[in-house]
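Residue 129 in this note's numbering is what sits at position 132 of the sequence shown, and the numbering runs on without skipping anything.
Glycine included, every Cβ here is placed at the ideal spot set by N, Cα and C.
Okay, structure first, notes after.
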Amino acid sequence: MTNFTRGQKGKLADLGLNGPFAVTLDIVSGSMEVDVSCFGVDAAGKLSDDRYMVFYNQKSAPDNAVTVELNGSRSVFQVDLSRLPASIDKLVFTAATEQGSMRALGNSSMALGQAATFAFTGTDFQDEKAVIIGELYRRDGNWRFGAVGQGFAGGLAALLKHFGGSEAGASSPAPAPVPVSTPAAPPPANKISLSKIRLEKRGDKISLDKRDSGGYGRIRVNLNWNQNASQGQAPASKLDTGFLGKLFNKPAGRAGGIDLDIGCLFEMSNGAKSAVQALGNSWGAYDRPPYIHLEGDDRTGSVSSGENIFINGTHFDQIKRVLVYAFIYEGVPNWAATDGVVTIEIPGQPTVEVRLDSDSQHAMCAIAMLENHGGNLQVTKLVEYFGGQGKITAHQAMDERYSFGLNWKAGRKD
């Protein structure tokens, strides 16, 4: 692997990158929230087509030329340069915060597949709220990589303006009146929504209107947590960082590992109720009732993307409510160290974010309730913890609190 330094450039062909590849941004920021983006700009350095800004509210460019998977401190962009139109001259990868400054970053990096890496840290910056990390650009018929590492005074909105984009909701001067005989002006360019809905306090809620008669599309509920716990170290897998060992008060690498799971209780509009979780192999189903599916079970903590539940929003009219929870199948909880976050991603809607920001020694956390209110999806932050007592399990205690009325029995994973 080639290690790039700030200002260094090189041809992708010389790095052996001749087809699609991943651009991985590992941003170590502790509790400071950082948003990463990719701007696809023209030869003038402008975002002339806002469909080529890939970030948390728009996770793919046309023809999937660039897509992104956001997983806590690690973000993975899949790039296929052959799918980009000739009008896109450069892909610029950035990081921005509204909470602090880039000097708070720990040891961070940008990697191009397994071919090249560019390391940077907070000592490279001062009080900038954003950084242009690196860029892929055309030169003399060849694609090249440039390690930039340049601080930027403003946050994400300032970056968008720098590249010539317009933010939805931003004020602009009213157009001057024109004579009737003047030809109609072309429609204004689409504006980009940078909004992200954060439910800050227990009981906070948001209602999302349907955009069309087809429902909400594919709803993704993702549970992730800070794998490095403000240690300022370069990210790695959950197993070899030792974070989960620290999180659950076990030495790193101990056999038996830690198992943190996402699951949900659901109630259908016809009154049917049950659970979707790895325990008991209750995976659910996406294309048939309950239209809720658990993607998989990360038994070892080695999957950086966390765990996902997918809800078929096309059939949301058949769902009454969904209680999303996290529970610890094995291990002693220390939730305060997780910096855990659940993100709810709905096509055409701002990302909804719920943070697990309370301390508890209980193994079960009811995170959020998704409810059908007259066809609109309402999300409420719960973050309420439950533990077992006597013959009452944590699952039962949570069930009783939210009146699902399920019958529970002991179970194990295969």
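Using 8 Å as the threshold, is the C-beta distance between Cys362 and Val380 below it? yes
Euclidean distance between Cα positions of Phe240 and Val51: Low confidence applies here, because Phe240 scores a pLDDT of 31, under 50, leaving its location unreliable; read the following figure in that light. Annotation: Phe240 to Val51 spans about 30 Å, alpha carbon to alpha carbon.
Counted within 10 angstroms of its Cβ, other Cβ atoms place Leu12 as buried (16 or more) or exposed: buried
When DSSP labels each residue in this structure, what does Thr311 get in the three-state scheme? Thr311: helix per DSSP, three-state reduction.
Measure the Cβ-Cβ separation of Leu320 and Met265 and say whether it is below 8 Å. Not in contact: Leu320 and Met265 (Cβ atoms no closer than 8 Å).
Would you tell me roughly how many angstroms separate the C-alpha atoms of Gly84 and Asp39, rounded to the nearest one? Per the sequence shown, the amino acid found at residue 84 is Ser instead of Gly. Whole-angstrom Cα-Cα distance: 6 Å.
Would you list the residues sitting across from Trp140 in a DSSP beta bridge? Arg135
Tell me whether Pro82 is buried or exposed, calling it buried when 16 or more other Cβ atoms sit within 10 Å of its Cβ. By the 10 Å Cβ count, Pro82 comes out exposed.
I'd like the ranges of any beta strand (DSSP E) spanning at least 3 consecutive residues and lying wholly in the region 57 to 144. 63 to 68, 71 to 76, 87 to 93, 105 to 109, 113 to 117 and 127 to 136
For Gln315, which residues from the same chain have a beta carbon less than 8 Å from its beta carbon, with the 5 sequence-adjacent residues on both sides left out? Met265, Ser266, Asn267, Pro286 and Tyr288
Can you tell me which of Thr120, Asp258, Ile308 and Met107 puts its alpha carbon nearest to the alpha carbon of Gly277? For Gly277, the nearest C-alpha among the options comes from Asp258.
Assuming Arg352 is part of the alpha helix (DSSP H), what are its boundary residues? It is not in any alpha helix (DSSP H) - Arg352 instead sits in the beta strand (DSSP E) that spans Thr348 to Arg352.
Short check: CB of Leu67 to CB of Tyr49, under 8 Å? Cβ distance not < 8 Å, so Leu67 and Tyr49 don't count as in contact.
For Ser279, which beta-bridge partners are listed by DSSP? Gln274
My output table needs one value for Gln375: the three-state DSSP class, helix, strand or coil. strand
To the nearest angstrom, report how far apart Leu353 and Asp137 are at their CA atoms. Approximately 50 Å, taken between the alpha carbons.
Of all the options Arg80, Ala155, Glu132 and Asp23, which has the alpha carbon lying nearest to the alpha carbon of Asp87? Before going further, note that residue 87 is Lys rather than Asp in the sequence given. The shortest Cα separation from Lys87 among Arg80, Ala155, Glu132 and Asp23 belongs to Glu132.
Could you pull the DSSP bridge partners for Asp258 from this structure? Phe324
Could you tell me if Pro183 is buried or exposed, where buried requires 16 or more neighbouring beta carbons within 10 angstroms of its beta carbon? In this prediction, Pro183 scores a pLDDT of 39, lower than 50, which makes its location untrustworthy; the coordinate-derived value is nonetheless stated afterwards. Result: exposed.
If you follow the alpha helix (DSSP H) that Met395 is part of, which residue opens it and which one closes it? Ala391 to Tyr399
Look up Lys388 in the DSSP assignment and give the residues it is bridged to. Lys388 is not bridged to any residue.
Taking the C-alpha atoms as reference points, what is the distance between Asn373 and Ser204? Straight across, the Cα-Cα distance linking Asn373 with Ser204 is about 7 Å.
According to DSSP, residues forming a beta bridge with Gly37: According to DSSP, which records beta bridges pairwise, Gly37 is partnered with Leu88.
Kindly give me the distance between the Cβ atoms of Gly260 and Leu291, rounded to whole angstroms, as I take these residues to be in contact under 8 Å. 7 Å
Does the beta-carbon of Asn104, which I'm using as the reference point, lie nearer than 7 Å to any heavy atom of the ligand MG? In the structure shown, the ligand MG is absent, as is every other ligand, since no ligand is present at all.
Please report how far the alpha carbon of Thr64 lies from the alpha carbon of Phe160, in whole angstroms. Whole-angstrom Cα-Cα distance: 19 Å.
With C-beta atoms as the reference, is Lys415 less than 8 Å away from Leu403? What is shown of the chain runs -2 to 411, which leaves residue 415 out entirely.
Inter-residue spacing [alpha-carbon to alpha-carbon] between Thr179 and Arg215: With a pLDDT of only 43 at Thr179, under the threshold of 50, the placement of this residue in the model should not be trusted; the figure read from the coordinates follows. Spanning the two alpha carbons is a distance of roughly 45 Å.
So, using beta-carbon positions, are Phe324 and Ala360 closer together than 8 Å? Their beta carbons are under 8 Å apart, which means Phe324 touches Ala360 by this criterion.
Within the continuous beta strand (DSSP E) that includes Ala365, where are the two ends? Met361 to His370
Can you tell which of Asp284, Gln96 and Phe117 has its C-alpha closest to the C-alpha of Ile130? Measuring from the Cα of Ile130, the nearest candidate turns out to be Phe117.
Suppose you measure from the CA of Asn221 to the CA of Ser70; what does that come to, to the nearest Å? 10 Å
Rounded to whole angstroms, what's the CA-CA distance from Gln5 to Arg141? Just pull it up for me. Cα to Cα, Gln5 sits roughly 11 Å from Arg141.
Top-ranked residue by Cα proximity to Val89, from Val76, Gly97, Arg217 and Ser26: Val76
Answer with buried or exposed for Ser57, where buried requires no fewer than 16 other C-beta atoms within 10 angstroms of its C-beta. exposed
Residues in the same chain with beta-carbon distance under 6 Å from Trp280, minus the five sequence neighbours each way, listed in chain order, please. Leu291
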